[in-house]
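Residue numbers (my numbering), protein chains in the order written: chain A, 15 to 263; chain B, 103 to 438.
Below is one structure; the comments refer to it alone.
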Amino acid sequence: MKMRASHLTVRYGAKVAIKDVSIDIHANQVLALIGPSGCGKSTFLRSLNRMNDTVPGVSVTGQVQLDGEPIYGPEVDAVLVRRRVGMVFQKSNPFPKSIFENVAYGLRVGGLRERGAVADRVEQALRHAALWDEVKDRLHESGLGLSGGQQQRLCIARALAVEPEVLLMDEPASALDPIATAKVEELVSDLRDQLTIVIVTHNMQQAARVSQRTGFFYMGKLVEVGETTQIFTRPKERETEDYITGRFG
Amino acid sequence: MAAVHTGSIATTPTTARRHSLQRRGPPALRGWITLDPLFRKVCAAFGLSIVSLLGFVVYELLRGSSASLARFGASFVFDRIWDPVAEKFGAATFVYGTAVTSVIALLIAVPLGIGIAIFLVEMAPRAVREVAGFLVELLAAIPSIVYGLWGLFVLAPIVRDGLAPVLRTTLGFLPLFTGPSYGLGMLTAGLILAVMVLPFIAAVSRDVLSAVPQMQREGSLALGATKWETIWHVVLPYGRAGISGAVILALGRALGETMAVTMVIGNSPQIVASLFAPGYTMSSVIANEYSEASGQLYLSSLTELGLLLFVVTFAVNGVARLLIWRMSRGAEGSRA
Chain A
15 MKMRASHLTV RYGAKVAIKD VSIDIHANQV LALIGPSGCG KSTFLRSLNR MNDTVPGVSV
75 TGQVQLDGEP IYGPEVDAVL VRRRVGMVFQ KSNPFPKSIF ENVAYGLRVG GLRERGAVAD
135 RVEQALRHAA LWDEVKDRLH ESGLGLSGGQ QQRLCIARAL AVEPEVLLMD EPASALDPIA
195 TAKVEELVSD LRDQLTIVIV THNMQQAARV SQRTGFFYMG KLVEVGETTQ IFTRPKERET
255 EDYITGRFG
Chain B
103 MAAVHTGSIA TTPTTARRHS LQRRGPPALR GWITLDPLFR KVCAAFGLSI VSLLGFVVYE
163 LLRGSSASLA RFGASFVFDR IWDPVAEKFG AATFVYGTAV TSVIALLIAV PLGIGIAIFL
223 VEMAPRAVRE VAGFLVELLA AIPSIVYGLW GLFVLAPIVR DGLAPVLRTT LGFLPLFTGP
283 SYGLGMLTAG LILAVMVLPF IAAVSRDVLS AVPQMQREGS LALGATKWET IWHVVLPYGR
343 AGISGAVILA LGRALGETMA VTMVIGNSPQ IVASLFAPGY TMSSVIANEY SEASGQLYLS
403 SLTELGLLLF VVTFAVNGVA RLLIWRMSRG AEGSRA
């Protein structure tokens, strides 16, 4: 067990975004979160690395544990949580810096100063993200000059460089064309050996392709979670079945 | 009644309901007065009026300063002597005064203004942000003469009795902070200018920082960066061009500000190292001496000061616009 959410409720002001969600996230597996727009899956994802802290008016009750340690609490430093639980966003958001500096940034704020070590880790991260061969000759050009798919893989490389234990991915391929999507999916499958991945997607085929376990969110609640094959072939709940067979959503 | 009414509609041929494609208006005028092209011409004239106004100002400044330009040439800018009696005119002391007061103003207002913007955008709760933002903008609305009076009666005594002695004892080894202070001088003028340009820097920087996409901040935070690291390494660099534009806009304003500076700078054309000493700026000398200037060369020299000031502020504002334009273009590039 890598992470465990127990009775997690998140409110934005008076609006309840997710309600009483409990879920186990297994190590070295891909957990896919599916559900219609506005069902709370992104909110849940963002509460796993305390990204919701940046939203004004947010309140979180319940608890999330990382390796048995609570991540919500007065003694917990959210910055340290985020160093262990990385995140890739729906829209690629490279910094207006060079490709190299985009990847080196997380290392530098993490305290790595030695030039050779930084360069090694940058190369390693770009290789992991299957981007190295495409950018190795232009590491010092702006990250904004890359194509959409390359930018997203740059953001994945950036997240991998700091060697997180868990990687949260919020619809990482929703803005990409099919070829770029395939590359990102392949990457997700390959990365499973090294870390734990939670991926939010509105694409059920994608969830079926990349994940071992799938959770279905609906109206702020976790309706069902289980083995991906079971969810897609023999769902226990009526709502899950309606959703995966395309009756709504 | 109803039946008759519907009947009349039904019998109206549909073609008669379509309006003609011919231009409307009295037949005599048809063809040469049509509204759209007329509207376009009127608007173009309004637009051109700006350019011609600017051209007229430049022309008048050049015409007015032609005598001085012919007599002194380039040495006008570098000559320190300003002696109306001997008809020897050099602008160096005024250029110096303008430059020094503007530099002091920016040294104080830039960190303060950017700090205010960071606080308002990144930290302040919504209510504080709106109230404080409004107060900052209010600073820009205070008339120059009010700043001048405040400087004369409040700031000058503070500088003379409080700030100057402290600076003299702590930083007195620098020539900048030596000699007596009578309250009126370049330091006081610089401080007044700092307060006057502060709202420009703070308000424009606030808008620039607000325009930095939230995704940039989240991208940084998600990598385990602290709030400080995110602001320093991601938010500020993203807004760098826009903030530079704000600073240069403020510089343009500091260079040209007349009334408040004239009231507190001491109006003495000299170049001395000490910031406590009185000085004189280009705009102040024009304001003070233009109405009593006798002799063509005297007037012409004052006009040339105006020309000089115009050229410098024009260039400074041009650079500011360019930077802000590049910033907005860059932001679009990153969105695509």
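Yeah, the Cβ is synthetic: ideal placement off N, Cα and C, and Gly gets one too.
Item	Value
8 Å Cβ cutoff, alanine 12/A in contact with chain B	Any question about residue 12/A goes unanswered here, given that chain A covers just 15 to 263.
Local Cβ density within 10 Å of glutamate 199/A, reported as buried at 16 or more and exposed below that	buried
N-terminal and C-terminal residue of the alpha helix (DSSP H) that glutamate 320/B is part of	316-323
CB contact flag (tyrosine 86/A, valine 99/A, <8 Å)	no
Inter-residue Cα distance where the pair is isoleucine 373/B and glycine 125/A	49 Å
Below-8 Å beta-carbon distance, lysine 197/A vs any chain B residue	no
Beta carbon proximity, arginine 97/A to chain B, threshold 8 Å	yes
Residues, ordered as in the chain, of the region 96-120 of chain A that lie near chain B by beta-carbon distance below 7 Å	Arg96, Arg97, Gly100, Met101, Phe103, Lys105, Asn107, Phe109, Pro110, Tyr119, Gly120
Assigned exposure category for tryptophan 184/B - 16 Cβ within 10 Å defines buried	buried
Chain B contact for methionine 65/A (CB, 8 Å cutoff)	yes
Host beta strand (DSSP E) of glutamine 79/A (start-end)	72-80
Element boundaries [beta strand (DSSP E), containing lysine 29/A]	29-39
Which of helix, strand or coil DSSP assigns to isoleucine 294/B	helix
Glycine 215/B versus leucine 300/B - alpha carbon distance	6 Å
Nearest candidate by alpha-carbon position, reference asparagine 116/A, set Arg172/A, Val149/A, Arg141/A, Arg127/A	Arg172/A
Glycine 287/B vs proline 380/B beta-carbon contact at 8 Å	yes
Own chain, CB closer than 6 Å to aspartate 67/A, minus 5 neighbours either side, in chain order	Ala92
Residue interval of the beta strand (DSSP E) (run including valine 316/A)	The requested residue 316/A does not occur in the structure, where chain A is confined to residues 15 to 263.
Limits of the alpha helix (DSSP H) - the one that phenylalanine 174/B falls within	168-174
Length of the line joining the Cα atoms of serine 402/B and glycine 408/B	10 Å
Any chain A beta carbon closer than 8 Å to tyrosine 65/B	Because residue 65/B is not part of the residues shown, which for chain B are 103 to 438, the question remains open.
Whole-angstrom C-beta distance between leucine 295/B and threonine 364/B, which should lie under 8 Å	12 Å between Cβ atoms; not a contact.
Option in Arg64/A, Tyr119/A, Ser156/A with minimal Cα separation from alanine 139/A	Tyr119/A
Alpha-carbon spacing of glutamine 208/A relative to glutamate 179/A, whole angstroms	8 Å
Short CB-CB distance (under 8 Å) between alanine 422/B and chain A	no
Chain-ordered neighbours of threonine 57/A on chain B, where CB pairs are closer than 9 Å	Result: empty, since nearest Cβ-Cβ is about 14 Å, beyond 9 Å.
Leucine 410/B beta carbon less than 8 Å from that of alanine 57/B	The requested residue 57/B is not part of the displayed model; chain B covers only 103 to 438.
Best match in Lys111/A, Arg223/A, Lys235/A for proximity to glycine 341/B [C-alpha to C-alpha]	Lys111/A
Nearest neighbour of leucine 425/B, chosen from Ala313/B, Leu351/B, Ser154/B, Lys329/B [CA to CA]	Leu351/B
As assigned by DSSP and simplified to three states, the class of tyrosine 284/B	coil
Range covered by the alpha helix (DSSP H) that runs through glutamate 115/A	113-123
First and last residue of the uninterrupted beta strand (DSSP E) at leucine 182/A	180-184
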